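K.L.:
I'd like to ask you about the structure that follows.
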Amino acid sequence: DGEGDLEAYCVTSDRMADVTMARFTSQAPALEFARRWGKLRVFAEEINDTGRRVYLVSSLEGFWKAYQGGRKRHWYEVITEDGECRLYMDVEFKIKDTEDVQRAWQRGNRLVDDIVMALQELLPRRHEGLVA
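Counting from 3, one number per residue, gives the positions in the sequence shown under this note's numbering.
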């Protein structure tokens, strides 16, 4: 059974419908967990150079709060065959030959923050109700 793959989960009450996040080490149990409890999405993060991933099951709102508070930005949503999808952006930038890697990482984070703020200002005006 896929439940053995579940590393940890948090509930706010005794009902599983209140699950805020669940973490899995493989995709199939994560997708089944999300399907079973509904209104939950599966997000993945590569955790090493071999392509190994961890899977986080959460509501979109719960994931967004965790994402904004975290330092890791290399997550993506696992889109199921019958699921809705959203626009995601993969932002890349050139690192200057003389630039320190740590400074480049900080500069990249500032650029992403600027893009997110600009989109949050622009999209609600153009597409009312479409921005989470």
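For glycine and all other residues, C-beta sits at the position ideal for the given N, C-alpha and C.
The model shown is predicted, which means the values in this text are computed figures rather than measured ones.
With a CB to CB cut of under 8 Å and the five nearest residues on each side skipped, what residues in its chain are close to R17?
P.N.:
Note that R17 has pLDDT 46, beneath the 50 cutoff, so the model's placement of it is unreliable and no number is given.
K.L.:
Enumerated in chain order, which unbroken segments of the alpha helix (DSSP H) with a length of 4 residues or greater are wholly contained in the segment 53–120?
P.N.:
Fully enclosed alpha helix (DSSP H) runs of 4 or longer: 62–71.
K.L.:
When we look at the beta-carbon of Y44 and count the other beta-carbons within 10 Å, is it buried (16 or more) or exposed?
P.N.:
Going by the sequence as given, residue 44 is Val instead of Tyr. Classification for V44: buried.
K.L.:
Compare the Cα-Cα distances from D115 to each of E79, R73, F65 and report the closest residue.
P.N.:
Checked all of E79, R73, F65; the closest Cα to D115 is R73.
K.L.:
Is there contact between the segment 86–94 and the segment 106–120, where contact requires at least three CB pairs shorter than 8 Å?
P.N.:
With the cut-off at 8 Å, the segment 86–94 and the segment 106–120 touch.
K.L.:
If we count the other Cβ atoms within 10 Å of its Cβ and call it buried at 16 or more, is F95 buried or exposed?
P.N.:
With fewer than 16 Cβ atoms within 10 Å of its Cβ, F95 is classed as exposed.
K.L.:
Quick one: is A120 buried, meaning 16 or more other Cβ sit within 10 Å of its Cβ, or exposed?
P.N.:
Classification of A120: exposed, given that the 10 Å Cβ count is below 16.
K.L.:
Span of the alpha helix (DSSP H) holding L33?
P.N.:
Element bounds for L33: 29–39.
K.L.:
Give me, in chain order, the residues of the same chain whose beta-carbon lies closer than 6 Å to that of V59; leave out the 5 immediate sequence neighbours on both sides.
P.N.:
Same-chain partners within the cutoff: A24, A32, F35, A36, L42, V44.
K.L.:
Rounded to the nearest angstrom, what separates F65 and I49 at their Cα positions?
P.N.:
Roughly 17 Å separates the two Cα atoms.
K.L.:
How many Å lie between E101 and W107 at the Cα?
P.N.:
Between E101 and W107, the C-alpha separation is close to 10 Å.
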